[in-house]
Amino acid sequence: MSTTPHRRPRTRQSRLLWLLDRLEREPRADAVIGALRKGVRALPLGDGRDLLHGRWLGHPVHPLLVQVPIGSWLSAAVLDLRPGRSREAGLLVGVGLAAAAPAALAGWVDWAELHRQQQRVGLMHALTNSVAVGLYAASLTCRAKGRGAAGRAYGFLGLTAVAVGGTLGGHLAYRQASGANHAEEVPHVVTEGWHRIGAVAEFPAGRPVRRSVDDVPVLVVRESGGAIHALAERCSHLAGPLSEGTVRDGCVQCPWHGSVFRLSDGWNVRGPATAPQPSFDTRITDGHVEIRLRRQDRDGQAPDEAEAGQRRTEAGAHGQNR
Numbered sequence: 174m175s176t177t178p179h180r181r182p183r184t185r186q187s188r189l190l191w192l193l194d195r196l197e198r199e200p201r202a203d204a205v206i207g208a209l210r211k212g213v214r215a216l217p218l219g220d221g222r223d224l225l226h227g228r229w230l231g232h233p234v235h236p237l238l239v240q241v242p243i244g245s246w247l248s249a250a251v252l253d254l255r256p257g258r259s260r261e262a263g264l265l266v267g268v269g270l271a272a273a274a275p276a277a278l279a280g281w282v283d284w285a286e287l288h289r290q291q292q293r294v295g296l297m298h299a300l301t302n303s304v305a306v307g308l309y310a311a312s313l314t315c316r317a318k319g320r321g322a323a324g325r326a327y328g329f330l331g332l333t334a335v336a337v338g339g340t341l342g343g344h345l346a347y348r349q350a351s352g353a354n355h356a357e358e359v360p361h362v363v364t365e366g367w368h369r370i371g372a373v374a375e376f377p378a379g380r381p382v383r384r385s386v387d388d389v390p391v392l393v394v395r396e397s398g399g400a401i402h403a404l405a406e407r408c409s410h411l412a413g414p415l416s417e418g419t420v421r422d423g424c425v426q427c428p429w430h431g432s433v434f435r436l437s438d439g440w441n442v443r444g445p446a447t448a449p450q451p452s453f454d455t456r457i458t459d460g461h462v463e464i465r466l467r468r469q470d471r472d473g474q475a476p477d478e479a480e481a482g483q484r485r486t487e488a489g490a491h492g493q494n495r
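Residue numbers 174 to 495, in my numbering, belong to the letters of the sequence shown in order.
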């Protein structure tokens, strides 16, 4: 008796997803991307760059800012479907145009610090939204000249462009993890308790060293005074290797996009990273370094006074046990 092996039906990828994946791999705009990235990075924004990244907010500020133009234009479309509300719709179109400028600036600042595959999708996202802005500008102009029907037509075309731009933005954020915290999984993967990671002599003073705990890369830095710091090694911005970064003034700088984290607690003192690094308590036992994930990084709660006192005691013991 012969048997025919069961063949599983092929799962066809959606046409839209296929196009987006192909866009990620399309290199023909890379020269333009390189020039635009250089130009955005050259903008004299100063501390405003971190403000636009959203470091103060804890996540990118661009998704927050785009709610104003999107909400205004969608509301204008609803009013355009009702007779006698053309004036109010025109006001909302104008509000959306005014709010689009800071939203776009924040988006460009974030875009300049992405991977090339993300930048390819991001460029199309920006171009599509620029088309939307142009259509809404035409809509506002027509409304001001009393050409209400043309103004409404341009408005609906603009809303369509916004929807396409939103689709590209969603792919960028959720499929390509742009703007996500790339160290978020650490508290869920590292097991509780102390983990021995090597002898003290294996950690030269002032030099970043990479170790691993539960398959999670860990950055370890021993200061010249004996204090030892440990952070999650993959940068929260885009998983850059902090162990290949620069250690200076009690901080480590990511070699990929320049985010700076404080060694003592993982705080992100400079963007583009918007989330801090998970940090570890450290101690020296029998000449070996041991680390454990800090409680506030594991469950979001502040450490109690006993734990804080224990960390101070252990930190003081670093110099005595060298």
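No residue lacks a Cβ here, since even glycine has one placed at the ideal position from N, Cα and C.
{"Asked": "State the beta-bridge partners of Ala-403 as determined by DSSP.", "Found": "Val-393 and Phe-453"}
{"Asked": "Between Glu-406 and Val-391, is the Cβ-Cβ spacing less than 8 Å?", "Found": "yes"}
{"Asked": "Count the other CB atoms, across all protein chains shown, that sit within 10 Å of the CB of Asp-470; report buried if there are 16 or more and exposed otherwise.", "Found": "buried"}
{"Asked": "I need the boundaries of the alpha helix (DSSP H) containing His-361, first residue and last residue.", "Found": "359–362"}
{"Asked": "Count Cβ pairs between the segment 237–254 and the segment 268–275 that sit closer than 8 Å; are there 3 or more?", "Found": "yes"}
{"Asked": "Is it the case that the Cβ atoms of Arg-435 and Gly-418 are separated by a distance below 8 Å?", "Found": "no"}
{"Asked": "Give me the residue from His-288, Arg-316 and Ala-271 with the minimum Cα distance to Asp-203.", "Found": "His-288"}
{"Asked": "Near Arg-369, what residues of its chain come up, given a Cβ to Cβ distance below 6 Å and the 5 sequence neighbours on each side ignored?", "Found": "His-461 and Glu-463"}
{"Asked": "Kindly indicate which three-state DSSP category Arg-325 falls into: helix, strand or coil?", "Found": "helix"}
{"Asked": "With a threshold of 16 other CB atoms inside 10 Å of the CB of Trp-191, please say whether the residue is buried or exposed.", "Found": "exposed"}
{"Asked": "So, using beta-carbon positions, are Cys-408 and Trp-429 closer together than 8 Å?", "Found": "yes"}
{"Asked": "Using three-state DSSP, classify Cys-408 as helix, strand or coil.", "Found": "coil"}
{"Asked": "Give me the Cα-Cα distance between Arg-210 and Ala-262, rounded to the nearest whole angstrom.", "Found": "36 Å"}
{"Asked": "Could you tell me which residues DSSP puts in a beta bridge with Glu-463?", "Found": "Arg-369 and Arg-456"}
{"Asked": "Can you check the segment 193–224 for any alpha helix (DSSP H) of at least 4 residues that lies completely inside it and give the ranges in chain order?", "Found": "203–214"}
{"Asked": "Once you ignore the five residues that flank Asp-388 on each side, which residues in its own chain have a CB closer than 8 Å to its CB?", "Found": "Val-362"}
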